[in-house]
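Note that the numbering used here has the sequence shown beginning at 36, numbered continuously upward. As structure tokens, the structure follows; a few thoughts come after it.
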Amino acid sequence: MIGYVIGLNLGSCRLQGNIHFNSSLFSLGHLKRLDFSENDFRGSSISSKFGGFVTNGLNTIVQNLSNLKELQLSDVDISSVAPDSFKNISSSLPTLGLFDCQLQGKSPESISTHQIFVS
Numbered sequence: 036m037i038g039y040v041i042g043l044n045l046g047s048c049r050l051q052g053n054i055h056f057n058s059s060l061f062s063l064g065h066l067k068r069l070d071f072s073e074n075d076f077r078g079s080s081i082s083s084k085f086g087g088f089v090t091n092g093l094n095t096i097v098q099n100l101s102n103l104k105e106l107q108l109s110d111v112d113i114s115s116v117a118p119d120s121f122k123n124i125s126s127s128l129p130t131l132g133l134f135d136c137q138l139q140g141k142s143p144e145s146i147s148t149h150q151i152f153v154s
């Protein structure tokens, strides 16, 4: 019997370094929940490119992880990311956690169909 990874909790793991878009992380086709919450990417090479991760990586996640239903980015400082970066989120990703992310500006109307938690 072959098992599938359906949930991956990387919250509070002190992640550092690059998250490459061609990483095996993005090939977990049965993944339904991915949690990056409570990681401090400031000062790492991820920090300066996190806007690119959100824009490009989020699209990669949604495209490659078609079963993904929840993505948690809570307590990850993405203050340098424009809220418009989230406007192309597929309807296949119904839940996106963005608590305490220091997002600034108005959320795009196109994401109103998703269950997005922002504070």
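Where is the CB? At the ideal position from N, CA and C, for every residue including glycine. Predicted model only: the values in this text are computed from it and were never measured.
Buried or exposed by the 16-neighbour rule on C-beta atoms within 10 Å, applied to G132: Around the CB of G132, 16 or more other CB atoms lie within 10 Å, so the residue is classed as buried.
With 16 other Cβ atoms within 10 Å as the buried cut-off, status of N102: N102 comes out exposed.
Cβ pair G156, S72 closer than 8 Å: There is simply no residue 156 to check, as the chain begins at 36 and stops at 154 in what is shown.
Close beta carbons around Y39, own chain, < 6 Å, minus the five adjacent residues each side: Excluding positions up to five away in sequence, the list reads H65.
Cβ-based neighbour list, L43, same chain, cut-off 8 Å, excluding 5 preceding and 5 following: Answer for L43: L60, L63, L66, R68, L69, D70, listed in chain order.
CA-to-CA distance, L50 to D112, given in whole angstroms: Going by the C-alpha atoms only, they are around 13 Å apart.
For I41 and C136, the rounded distance between their alpha carbons: Cα to Cα, the separation comes out at about 25 Å.
Rounded straight-line distance, which links the Cα of N74 to that of F134: Here the C-alpha atom of F134 lies approximately 13 Å from the C-alpha atom of N74.
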